[in-house]
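A.B. asks: Numbers given in my numbering equal positions in the sequence shown, counted from 1, plus 42.
Have a look at this one before I ask anything.
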Amino acid sequence: IGHRTVLLVASVAIALITVVYAFLEWVHGILALAFVQGFFWSGMLSGSSAYLISIVPKARRAEGLGYAGLASIFALAVAPTVGFQIYRTGWFPLAMTCVGLNIAMFVIALFLGRKPESGPHPPLTLRTIIEPRIIALAGTLFLYSFGYGGITSFSSLYADSAGISPRSIYLTTLAIAILLARPALGRLGDKYGYRKVFLPCLALVALSLAMLAMTPGRIGLIISALTFGVGFGLAYPAFAAYVMQHVEDSRRGAAFGTMIAAFDTGIGTGSTTMGWLIQEHGYGAAFGVAAVLAACAAPYFLAVDRRIKMAAPV
43 IGHRTVLLVA
53 SVAIALITVV
63 YAFLEWVHGI
73 LALAFVQGFF
83 WSGMLSGSSA
93 YLISIVPKAR
103 RAEGLGYAGL
113 ASIFALAVAP
123 TVGFQIYRTG
133 WFPLAMTCVG
143 LNIAMFVIAL
153 FLGRKPESGP
163 HPPLTLRTII
173 EPRIIALAGT
183 LFLYSFGYGG
193 ITSFSSLYAD
203 SAGISPRSIY
213 LTTLAIAILL
223 ARPALGRLGD
233 KYGYRKVFLP
243 CLALVALSLA
253 MLAMTPGRIG
263 LIISALTFGV
273 GFGLAYPAFA
283 AYVMQHVEDS
293 RRGAAFGTMI
303 AAFDTGIGTG
313 STTMGWLIQE
323 HGYGAAFGVA
333 AVLAACAAPY
343 FLAVDRRIKM
353 AAPV
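Printed below as a string of structure tokens:
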């Protein structure tokens, strides 16, 4: 149906769901709607990423994906503070603000140029929604995003338990590192090769999580956040650009959907699993497990990449 159409439908659907949120007080109903919203949210992410790839020059794909990703990083950095300020006036104004933002997204999508049709579309099946060749390779994203789920959920509590203030020091430093790293280093993958950038980034992610496992002080948290920010911030654009080299144009949406599913599953699994690990064994053990999984990401990627033979671009 086209990437632009997906963005239009997703923005309207999420806006309507948010309107229902404004009046709904039944917890189970909210959870059910959240599931439906996740469906459209994934479609929006897949459609926007595929559209972006179609307009960014091939020689600058990693840089383009990195710049686009800054928007979500900026939103994550600003949304909590702004959201809580609006929430002080009530839940309804907050929900309506979100509705307005989704309407703005719809308007932006209206002005996106239409991409020419690449040919007849196959029937809608599971195989057309998910790119089979990418499923195993996307497991790499799961392995290194597991720790990110724990960081977003528990880094503030970790700092608080260690007597470090402000509590948000890790997330703030992490956001700054990503915002600086992507513009400054985003072209490295395009210039030297995506694998050559992606693999060292995985090592940086594992190293930063290992630092957290050793219960660092304030300086240790800052160094870990900077290291994680550079590695994590450059890893996904390099990985996505590498995969897009080997996927047909008509399969880009499915490929991005597969990658986003693995990425989000890693974050969600990391958040819930590390919560249990922290409760039972402490922060060190939880971040230690995340570090081990991240350390497995590079050898896993190399093994799977060699097996599915994605060496030659499509």
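Every residue, glycine too, gets a C-beta built ideally from N, C-alpha and C.
Under DSSP, the alpha helix (DSSP H) around Gln79 begins and ends at which residues?
C.D. replies: Element bounds for Gln79: 69 to 97.
A.B. asks: Identify whether Met138 lies in helix, strand or coil by the three-state DSSP scheme.
C.D. replies: helix
A.B. asks: Please state whether DSSP places Glu290 in a helix, a strand or coil.
C.D. replies: Glu290 falls in the coil class under three-state DSSP.
A.B. asks: Under a CB-based cut-off of 8 Å, is Glu290 close to chain C?
C.D. replies: Here chain C cannot be found, since the structure has a single protein chain.
A.B. asks: So, with DSSP's three-state summary, where would you put Arg130?
C.D. replies: coil
A.B. asks: Return the Cβ separation of Gly192 and Ala304 in integer angstroms, given the expectation that the two are a contact with Cβ distance under 8 Å.
C.D. replies: Between Ala304 and Gly192 the Cβ distance is about 17 Å, and since that is not below 8 Å, they are no contact.
A.B. asks: How about Val289 and Leu179: do their beta carbons lie closer than 8 Å?
C.D. replies: no
A.B. asks: Starting from Ile220, follow the alpha helix (DSSP H) in both directions and report where the run begins and ends.
C.D. replies: 211 to 227
A.B. asks: Short of 7 Å in beta carbon distance, which residues of its chain neighbour Phe82, apart from the five on each side in sequence? Order them along the chain.
C.D. replies: Ala52, Ala55, Ile56
A.B. asks: Going by C-alpha distance, which of Val69, Ser90, Tyr63, Ser91 is nearest Gln366?
C.D. replies: Nothing in the structure corresponds to residue 366, since the chain is present only between 43 and 356.
A.B. asks: Tell me which same chain residues have a C-beta within less than 7 Å of the C-beta of Ile115, skipping the five on either side of it?
C.D. replies: Ala217, Ile220, Leu221
A.B. asks: What is the C-beta distance between Gly308 and Phe184, in whole angstroms, given that I count them as a contact (C-beta under 8 Å)?
C.D. replies: With a Cβ gap of about 4 Å, Gly308 and Phe184 count as contacting.
A.B. asks: Tell me the DSSP secondary structure of Gly324 in three-state form.
C.D. replies: Coil at Gly324, not helix or strand.
A.B. asks: Looking only at C-alpha atoms, which of Gly111, Ser90, Arg46 sits nearest to Ala280?
C.D. replies: Out of Gly111, Ser90, Arg46, Gly111 has the C-alpha closest to the C-alpha of Ala280.
A.B. asks: Less than 6 Å between C-beta atoms, sequence neighbours within five positions excluded: which residues of the same chain meet that for Phe329?
C.D. replies: Excluding sequence positions up to five before and after Phe329, its CB lies within less than 6 Å of the CB of Leu251, Leu254, Ala255, all in the same chain and listed in chain order.
A.B. asks: Would you kindly work out how many angstroms separate the C-alpha atoms of Phe126 and Ala76, rounded to a whole number?
C.D. replies: 20 Å
A.B. asks: State the Cα-Cα distance for the pair Tyr265 and Val247, rounded to the nearest angstrom.
C.D. replies: Correcting the residue identity first, residue 265 is Ile in this sequence and not Tyr. Roughly 12 Å between the two C-alpha positions.
A.B. asks: Which term fits His323, buried or exposed, when burial requires 16 or more other beta carbons within 10 angstroms of its beta carbon?
C.D. replies: exposed
A.B. asks: Assuming Ala52 is part of the alpha helix (DSSP H), what are its boundary residues?
C.D. replies: 45 to 65
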